[in-house]
Amino acid sequence: MPTDFEDYVQTRSGHLVRFAHVLCGDRHLAEDLVQEVLAKAYPRWRRIADGDPDLYLRRGLVWANSTWWRRRSSREAAIEQPPDTACGTDFAQRHAERTALWQLLATLPRSQRTVLVLRFFEDLDDRQIAELTGRSPATVRVHAHRGLTQLRSRLAVPVSGAAQVPPSVPVAAVQRRAAQRRHRGIAAGAAALVLIVLALLVPFLLPHTPPPVVTPSPSVLSLAPFTAPPLTFPYEPTVLPGPLAGMPSTVAVTDSAPVLTFASPTRLWNSMDLRVTAARPGMAQATETTTIGGTQALVMRGTAWDGGLQLDLWWQRDGRWLQLTSNSLLTVAQARAFAEGLRPAAQPVTSRLRLGLAPAGYQVWSMRPDRICVRAAEAPATDPAYTFDTLCVGLQQAEHAVGAPQLNVGWLPAQRTGTDERPALRVFLDDTRMLIIEHDMRLVPLRFEDLIRIADAITLDGYLPIG
1 MPTDFEDYVQ TRSGHLVRFA HVLCGDRHLA EDLVQEVLAK AYPRWRRIAD GDPDLYLRRG
61 LVWANSTWWR RRSSREAAIE QPPDTACGTD FAQRHAERTA LWQLLATLPR SQRTVLVLRF
121 FEDLDDRQIA ELTGRSPATV RVHAHRGLTQ LRSRLAVPVS GAAQVPPSVP VAAVQRRAAQ
181 RRHRGIAAGA AALVLIVLAL LVPFLLPHTP PPVVTPSPSV LSLAPFTAPP LTFPYEPTVL
241 PGPLAGMPST VAVTDSAPVL TFASPTRLWN SMDLRVTAAR PGMAQATETT TIGGTQALVM
301 RGTAWDGGLQ LDLWWQRDGR WLQLTSNSLL TVAQARAFAE GLRPAAQPVT SRLRLGLAPA
361 GYQVWSMRPD RICVRAAEAP ATDPAYTFDT LCVGLQQAEH AVGAPQLNVG WLPAQRTGTD
421 ERPALRVFLD DTRMLIIEHD MRLVPLRFED LIRIADAITL DGYLPIG
């Protein structure tokens, strides 16, 4: 594969135009998207060429098309350009068939159309498509199945003939656009510098008046590199009683304590939690005692919401307290068997979300594979009633009626929400997923610009940089 930028543009940009054309349905827009993505990549080409340039630029085209699609209130009809060279089939028939195919593709939802383009026009497998679009392979297969089902129900004319590769985009046009982007950046920086100089000079030019006497406010928190500890639970079970067999389990951190949870997929409130806690249970709460691993354990029975057994079991292991809470799942004997079968965990669970920046001095407060919250390590001695400031980042299903995106974070469209006192940021990963970054501020404010910096440093699924 050519690594020199000019060679790459001459040999591969035609394939990128074809890929973008099928994505957006407009030849002129496809060429514009390719030139824009190549212009952005031009200053960093040496680093990009060391990896997989095709994958990098295809991903950039997917996000660029997504950003353009969100900004548009209407879309033009897809029109196919006639080929430059003759082919073996009748031109008019082939042209009509291909035009019908583009029009049918244009009627599909964008997520289904993107998957079909990557599978049949770029010849990628489900794993590669999932890596490129940020979806799971199962979601890719669902989109492909639904898209093909819709096409089969509407397509009456078989499409023949091999796809023609459009001509490459001019290298000079890409370099000219990259230079224009650089000049605009320099002009914007110069304008910002002029404004800063004027802002610094204005106080000296205006008549001087003594400033009012005010109470000093706390300084704004500074951001620092942040690495969360592995999402791990110190023990793993070797004995799963009947109610837990086949039941999914998750590891989380809640109130700074690790928790292992088994939850019934059919009955919402039927679950079992195993928590490592530093708190010693009140002996008066126990209704009976038993033994686990040769040590005394405390048992408290109650009635769950559905009339089943509400069970709490406390015991000590390795110098710390463990608390098992079961809601209508386990008997005392089953809980004892589960506790007796615990062994040290072999490896930590991989968290999907990773923060690269956080307010200085913050530590993990709660964490799940799709959500992480950090907060100040300790309360100030001057404010005993202080409620900890908390920063949370969560991955969740995208909402449909959220208004138009207002800015971009990296390649991704984003939207500001919340208030000036409690700003929040939504970053749209695709049609179905978004990241929400929010900060509950009580003592020290965090600016909206800081949330953008934090979003730029987030990594999702270990491979997708947001910024």
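Residue numbering for the sequence shown follows the UniProt record's numbering, starting at 1 and increasing by one per position.
For glycine and all other residues, C-beta sits at the position ideal for the given N, C-alpha and C.
None of the values given here were measured: they were computed from a predicted structure.
Subject >> Host beta strand (DSSP E) of TYR8 (start-end) >> reply: Careful: TYR8 lies outside any beta strand (DSSP E), inside the alpha helix (DSSP H) at 5 to 24.
Original post:
Using the rule of at least 16 other Cβ atoms within 10 Å of the residue's Cβ for burial, across every protein chain shown, is GLY302 buried or exposed?
Top reply: exposed
**OP:** Give me whichever residues DSSP pairs with GLU288 in a beta bridge.
**Re:** VAL299
Original post:
Leaving out five residues before and five after TRP321 in sequence, what residues of the same chain have Cβ atoms less than 8 Å from its Cβ?
Top reply: VAL276, THR277, ALA278, ALA279, ARG280, PRO281, TRP314 and TRP315
Subject >> Local Cβ density within 10 Å of ASP26, reported as buried at 16 or more and exposed below that >> reply: buried
Original post:
Per DSSP, what kind of secondary structure is GLY242 in: helix, strand or coil?
Top reply: helix
**OP:** Within its chain, find whatever has a CB closer than 7 Å to the CB of ALA335; leave out the 5 residues flanking it on each side and keep chain order.
**Re:** LEU311, LEU313, LEU324 and SER326
Original post:
Pairing CB atoms from the segment 239 to 254 with CB atoms from the segment 359 to 375, are three or more of them under 8 Å?
Top reply: yes
Subject >> Distance between ARG184 and ALA178 (C-alpha atoms, nearest Å) >> reply: 10 Å
Original post:
Of all the alpha helix (DSSP H) runs that stay within the bounds of the segment 108 to 148, which reach a length of 4 or more residues?
Top reply: 110 to 116 and 126 to 133
Subject >> Close beta carbons around GLY467, own chain, < 8 Å, minus the five adjacent residues each side >> reply: Model confidence at GLY467 stands at a pLDDT of 41, short of 50, so the residue's coordinates are unreliable; what they give is reported in the following sentence. So the qualifying residues of the chain are VAL409, GLY410, ALA455, ASP456, ALA457 and ILE458.
Original post:
How big is the Cα-Cα spacing for ASP420 and LEU451?
Top reply: 12 Å
Original post:
Unbroken beta strand (DSSP E) runs of length 3 or more, entirely within the segment 318 to 357: which are they?
Top reply: 320 to 327 and 342 to 344
Original post:
Helix, strand or coil for ARG433 per DSSP?
Top reply: strand
Original post:
Does DSSP classify ARG59 as helix, strand or coil?
Top reply: helix
**OP:** Report all residues from its chain with a CB closer than 7 Å to the CB of GLN81; omit the five preceding and five following residues, and keep chain order.
**Re:** Residue confidence for GLN81 is low, a pLDDT of 44 falling below 50, so the modelled location carries little weight and cannot support an answer.
Subject >> ILE186 in three-state terms, based on DSSP >> reply: helix
Original post:
Does the beta-carbon distance from ILE372 to ALA228 come in below 8 Å?
Top reply: yes
Subject >> Span of the alpha helix (DSSP H) around VAL37 >> reply: 27 to 41
Subject >> C-alpha gap between ASP440 and ARG18, whole angstroms >> reply: 46 Å
Original post:
Quick one: Cα of PHE428 to Cα of GLN406, how far?
Top reply: 11 Å
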